[in-house]
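**Q** Starting off with a structure, shown below.
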Amino acid sequence: MKILITGIHGFVGTNLVSALKTQHQIYGLDIVSP
Numbered sequence: 178m179k180i181l182i183t184g185i186h187g188f189v190g191t192n193l194v195s196a197l198k199t200q201h202q203i204y205g206l207d208i209v210s211p
C-alpha cells in the first residue's frame with residue numbers, strides 16, 4: 178500500500194515510518210524552512 182505521511186520529521190511521523198516501512202511504500206511531506 179502507498180501511504181503519504183505529512184509532518185514526517187516530527188515525533189509521530191518518525192514513529193509511523195518506523196512501524197510501517199517494512200510492509201508499505203511510504204512517502205513523506207514536511208515543511209522546509211527557507
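In this note's numbering, the protein residues as written are 178 to 211. For every residue, glycine included, the Cβ atom is placed at its ideal position computed from N, Cα and C. In this text, all values refer to a predicted model and were calculated from it rather than measured experimentally.
Report the residue from LYS198, HIS201, GLN202 and GLY190 whose alpha carbon sits nearest the alpha carbon of ILE208.
**A** To locate residue 208, count along the sequence shown from 1; it is residue 31. Per the Cα distances, GLY190.
**Q** How far does the beta strand (DSSP E) with GLY205 in it extend, from its first residue to its last?
**A** Within the sequence shown, numbered from 1, the residue matching residue 205 stands at position 28. Element bounds for GLY205: 202-206.
**Q** Would you identify the three-state DSSP class for THR199, choosing helix, strand or coil?
**A** In the sequence shown, residue 199 corresponds to position 22, counting from 1. Coil, per DSSP.
**Q** Assuming LYS179 contacts GLN200 under a Cβ cut-off of 8 Å, what Cβ separation, rounded to an integer in Å, is found between them?
**A** Locating residue 179 in the sequence shown gives position 2, counting from the first residue. Locating residue 200 in the sequence shown gives position 23, counting from the first residue. About 12 Å; that fails the 8 Å criterion.
**Q** At what residues does the beta strand (DSSP E) containing ILE182 begin and finish?
**A** Stepping through the sequence shown from its first residue, residue 182 is reached at position 5. Looking at the DSSP string, the run of the beta strand (DSSP E) that includes ILE182 is 179-183.
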